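Okay, so here's the structure we're looking at.
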Amino acid sequence: MLHTENLSKDMGEFILRNVTLDITPGEYLVIIGPTGAGKTILLETIAGFYPPDSGKIIMDGRDITNIPPKDRNICMVYQDYMLFPHLTVEENIGFGLKTRKKDPEYIRKKTVEMARLLSIDHLLHRKPETLSGGEQQRAAIARSLVMEPNLLLLDEPLSALDGQTRDKLRTELRRIHDITNVTVVHITHNFEEVFSLADRVAIMNKGEIVQIGNPDEVFRKPESEFIASFTGMENIFKGSCSHQDGISAIKIDGHIVYSATCLGEREVYATIRPEDILLSKDPIVSSARNSFKGRITDIKNNGMVIKVTIDVGIPVVSIMTRRGWDELQMNEGEEVYLTFKASAVHVF
Amino acid sequence: MLHTENLSKDMGEFILRNVTLDITPGEYLVIIGPTGAGKTILLETIAGFYPPDSGKIIMDGRDITNIPPKDRNICMVYQDYMLFPHLTVEENIGFGLKTRKKDPEYIRKKTVEMARLLSIDHLLHRKPETLSGGEQQRAAIARSLVMEPNLLLLDEPLSALDGQTRDKLRTELRRIHDITNVTVVHITHNFEEVFSLADRVAIMNKGEIVQIGNPDEVFRKPESEFIASFTGMENIFKGSCSHQDGISAIKIDGHIVYSATCLGEREVYATIRPEDILLSKDPIVSSARNSFKGRITDIKNNGMVIKVTIDVGIPVVSIMTRRGWDELQMNEGEEVYLTFKASAVHVF
Amino acid sequence: RNSWLRNATIGMSFLLTFFIIVLLLLIVTKPSFETLYTSITSPEIQFAIFMSLGTSIISTILCILIAVPAAYALARYSFFGKGAVNAILDMPLALPPLVAGLGLLLFFGTTGFGNALADMGLVFVFTPLGIIAAQFFVNFPYMLRIMRSTFESISTRYEFVAKTLGCTDLQAVWRVTLPMAGSGFFAASVITWAKGIGEFGAALLIAGAIQWKTETLPIALFLNMSCGNLNMAISAATILIIICIVSL
Amino acid sequence: RNSWLRNATIGMSFLLTFFIIVLLLLIVTKPSFETLYTSITSPEIQFAIFMSLGTSIISTILCILIAVPAAYALARYSFFGKGAVNAILDMPLALPPLVAGLGLLLFFGTTGFGNALADMGLVFVFTPLGIIAAQFFVNFPYMLRIMRSTFESISTRYEFVAKTLGCTDLQAVWRVTLPMAGSGFFAASVITWAKGIGEFGAALLIAGAIQWKTETLPIALFLNMSCGNLNMAISAATILIIICIVSL
């Protein structure tokens, strides 16, 4: 559908470096990355607001790199809605069709239809400023969808909304994508949006796409230290890898951790998700290859989840629910056993 | 130490209503509440920046309601540091002592001492703008502590900092409080700060203090629907209460939930913390009084914790770690058993 | 607890306000209502009103046509020399109006370009055209500044969105940015117009103070003061005060 | 992809810039360097420079002493009538300077207060004191506006913190707010001063255009133009342009 080739753009503060990206028709691609990673500038370059310094944008086989935005049929929705304040909701939604000089009767019909799809048909005569954030974003999405765009770009569409509205509109986005099958590129900071919306997720850093794949794969198997720590990996260790009995052993500060994957005999990073580590008062006999004894050094309670740090020579973090913690009945300074499977250790 | 009596103040947008509060010497009191609850205005009234419309402020037995701020010896630290940009870190920390016309030698000594306590003694000659957020906040705290205040007011001191810095400075606050034993009132939005810092927590809403007590008590036993939902209770049900066999039974939409506490025969709210609900494929034989069968209607994965909604006639939410969920191996639409103890059901 | 700092500073602001009100009242109440009425309805003052309104409206329209596009460029684009352009375009704000008038006089009176215009019948020296040029030159920076900050306050993203909805660059500005800039545009026009009405120094130099020819209200005030005709002067001032108050 | 909207609007801004530069160059290059030197060193222009600097510095100091406290009150406190005070204090910005001068003339020349001052030796009509009064009245709103927005941009919380650290209200302002307002204060003073140097209309009415008595640079420019002494007029203008450029 859309293919970018070595797209680069230097805007001083924000930068894009050699972005090559392939978006398949009907796909829902979510892009995450820290602030300043160049996510918005990527979307804006695809939409055609600035010419790239180098590289090409191909849409449906046609080179659109030098085509003005109005002829690309790519629509954009921003975090802060960007509804035209001097127009009613109806005029906002119909804006693009009017620009295309469609018949007023047709515009009216399509506008109402799209407003109904987004459950804002009762708001058509209101001015944007009188709407709630969620309603405004629905109107902005309707304004884009009514154009039947080849590609819909969403720039943190849910970030300005409060918790409940965000949840609702997220579900709505999924539903609309299922109905219209429009191709979407969606930028976010929020991991929940990745898991509930993305067919694929791309991680950006410093203007580059550093990993792309299905969400579970990317979160379970980060390809660099940056991705591991950005996606919230708590336990990241550096060590040297060697093969032992078909699986690999990673030596970290003198401790051996077993992993199901290995990249050959060299320096590697190993990560273990905190929730994959089991704590127990007594040693557990199980098929899990990794078992350690340590001392609890820190306990953090955020009201919902307990985060426990255990010193086993190296500091290891484990997360559990409050119920799990209450059953364990342990305190800071006590000895505890850690168990985790070799398959839970991801190496990169 | 400090006692406010029916303190009221109307500032239009923000309001304070009949706040009566008792702070004991050396206590660490954390105040939480939604935006606009009047938390900051409470601190600012205690500090004496505005006179209250009515009510009294008593400190150490002395009525200070009409005393100017400079004579109260109450210090304040804001979210955005408020370091004086035209002065160096050293001059900022020494500002108050200089105002009190202390000997320059003494000021120098105390400033260095306090900077050392907060690990910013290497930054004394820098201007605030060249410091990181965490360093600026340390300087602001030092500037207050050097005054040896009777009361230290912290207005969301960690909210402007990024995750790691926030964690570090939170630990630091705990340590400093242990060392200096200064009385602290600390405003926050963050529940982690409540659990790791507070001796007591007060919840504010619409200018009033609606509940005060130790954190576990307040979070486990909210006294109103507002507090329950603000502290993140997912399962809040309305029902009618009656006594049965020594414990109480609450009838919710035709379903009976047993609770260890009851407030008499009347309409009540019942809440159950999502992490207190156990899910299983088969019925569990246990001492838990509440057992339901339902169908999974929604699964939300935020990457760390799984939130499952189960319809048992009423929608119930349960939270578990990813490991727990993987072991359960269930999907949307499947049947599941819910078990929770009568003591996990809080009634108000 | 009433702070003396509060009382002293508020007192100062009231003192200044009081001083302004006294000055204006002194002018407005000086002549009797009848003398004022006679003066205002006199042919000379009528002529001055007409001349002031005519020149200020035309110069305001010129300011709009030229300063609004320039303001848009300064708000939206970055280009070589933008810093210098910005600084120089603000200069007429600090330049004494007499100097601006002298520059215009030299420009229209002594250069080949000025002579060419004169040959085409566009004579600026000692004519109402000169007044318009003076008002334009002294006041366009106000229009430019206000519109520049108005455009800057409107996110470029509105235009971006309009373009994805099929607009050309110009359509995006015309259908989205200009309607959104409405209130700033109105304020800028009123200020430019009011400043134009009151313009004296620059107009004096290029258009002279010629009774019945280049006599705007400030010029009428000046001419009548010079020949001791206080009532006529004060009635011109009264009209100027009324215009000033109405425009605020 | 070069948008013509971009080219057209940027072109417009360059055209305006070019126009301003041409006007200034016309003035500065008109006389030969020698004539300019002779004029500038002439006793009359020397007197005018001295008179301009003296009056503008004094009026700027007055503006600081009176407008800064008033600006602080308007930025920090809410009080009865604040909206009206704000509106009236902005009025002199839109009021034609001639009208302001007429008001001052009536105030100092015809009221009991003015006569009392004159009896004390403080004569404003047709004296340098009148120039100072004119410059003050026309220019304090600039000082007020800039300082008001400067104070508004400094969070009250800095003063709050200073007070918890033992400062009185006044100490908090003196030791924290004023140092933080430094750059805004500097900008406001320079603008007020530059505007004062260029003031003509109001000064003309209250102080007259009296050679060797109330002759500032703009008055010198005017007087020399009136009697056809173009070289002297242009050298006065050149000095004014230099001051204007330096102050920016």
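Chains as they are written, first to last, in the working numbering: chain W, 1 to 348; chain F, 1001 to 1348; chain A, 2001 to 2248; chain H, 3001 to 3248.
Backbone N, C-alpha and C define an ideal beta-carbon position, used for all residues, glycine too.
As the structure is a prediction and not an experimental result, all values here were calculated from the model.
- Using a Cβ-Cβ cut-off of 8 angstroms, MET3180 (chain H) is close to PHE1084, PRO1085 and HIS1086 of chain F, given in chain order.
- The count of Cβ pairs closer than 8 angstroms, one atom from the segment 1118-1134 of chain F and one from the segment 1014-1024 of chain F, stays below three, leaving the stretches out of contact.
- DSSP lists F:HIS1003 and F:ASP1063 as the beta-bridge partner residues of ILE1058 (chain F).
- Around the CB of ASN235 (chain W), 16 or more other CB atoms lie within 10 Å, so the residue is classed as buried.
- Within the segment 1118-1144 of chain F, no residue has a Cβ lying closer than 9 angstroms to any Cβ of chain W.
- Under the Cβ criterion of 7 angstroms, PRO1069 (chain F) is counted among the residues facing chain H.
- Look at ASP1071 (chain F) here: in three-state DSSP terms it is helix.
- The residue from H:LEU3204, H:THR3156 and H:THR3192 with its alpha-carbon nearest to that of CYS3063 (chain H) is H:THR3192.
- Relative to the Cα of ALA3188 (chain H), the nearest Cα in the group H:LYS3082, H:MET3012, H:ILE3061 and H:SER3226 belongs to H:ILE3061.
- Chain-order list of chain A residues neighbouring GLY3201 (chain H): PHE2200 and GLY2201, by C-beta distance under 7 angstroms.
- Secondary structure note for LEU1278 (chain F): its beta strand (DSSP E) is the uninterrupted segment 1278-1280.
- Residues of the same chain with a CB within less than 7 angstroms of the CB of ASP2169 (chain A), apart from the 5 flanking positions on each side, do not exist.
- Listed in chain order, the alpha helix (DSSP H) elements of length 4 or more contained wholly in the segment 3002-3050 of chain H are 3004-3029 and 3033-3040.
- Contact of THR1321 (chain F) with chain W by beta-carbon distance below 7 angstroms involves GLU275, ILE319, MET320 and THR321.
- Judged by DSSP in its simplified three-state form, LYS1168 (chain F) adopts helix.
- When secondary structure is reduced to three states using DSSP, ILE1031 (chain F) falls in the strand class.
- Separation of PHE3014 (chain H) and MET2147 (chain A) (C-alpha to C-alpha, rounded to the nearest whole angstrom) is 17 angstroms.
- Taking a C-beta distance under 7 angstroms as the contact criterion, TYR1028 (chain F) and ASP1199 (chain F) qualify as a contact pair.
- One thing to note: GLY2196 (chain A) has its Cβ no nearer than 7 angstroms to the Cβ of ASN2115 (chain A).
- Sequence-distant Cβ neighbours of HIS1003 (chain F) in its own chain, meaning closer than 6 angstroms and more than five residues away, are ASP1022 and ILE1058.
- Look at TYR78 (chain W) here: in three-state DSSP terms it is coil, with no helix or strand label.
- For VAL305 (chain W), the chain F residues whose C-beta falls within less than 9 angstroms of its own C-beta are GLU1275, MET1304, VAL1305, ILE1319 and THR1321, listed in chain order.
- One alpha carbon belongs to PHE95 (chain W), the other to PHE2160 (chain A), and they sit about 13 angstroms apart.
- ILE310 (chain W) and LEU279 (chain W) have their alpha carbons spaced roughly 10 angstroms apart.
- With respect to chain W, the C-beta atom of VAL2176 (chain A) has a partner C-beta closer than 7 angstroms.
- Listed along chain W, no residue sits closer than 7 angstroms to PHE1226 (chain F) by beta-carbon distance, the nearest being about 15 angstroms off.
- A check of alpha carbon separations from LYS1221 (chain F) across F:SER1343, F:ILE1067, F:GLY1038 and F:LEU1161 identifies F:SER1343 as the nearest.
- As the crow flies, the alpha-carbon of GLY2201 (chain A) is around 7 angstroms from that of GLY2101 (chain A).
- The straight-line gap separating the alpha-carbon atoms of ASP63 (chain W) and ASN3007 (chain H) is approximately 26 angstroms.
- With at least 16 other beta carbons inside 10 angstroms of its own, ALA3194 (chain H) counts as buried.
- Taking 7 angstroms as the cut-off, the Cβ atoms of ALA3181 (chain H) and GLY3130 (chain H) do not count as close.
- Residue range 3128-3153 is occupied by the alpha helix (DSSP H) that includes MET3147 (chain H).
- In this structure LYS110 (chain W) is buried. Its beta-carbon is surrounded by 16 or more other beta-carbon atoms within 10 angstroms.
- The beta carbon of THR339 (chain W) lies closer than 6 angstroms to those of LEU278, ILE284, ALA288 and SER291 in the same chain, with the five residues before and after it left out.
- According to DSSP, GLU1335 (chain F) shares a beta bridge with F:ARG1295.
- Between the segment 3026-3036 of chain H and the segment 3218-3229 of chain H, the count of C-beta pairs closer than 8 angstroms stays below three; the two stretches do not touch.
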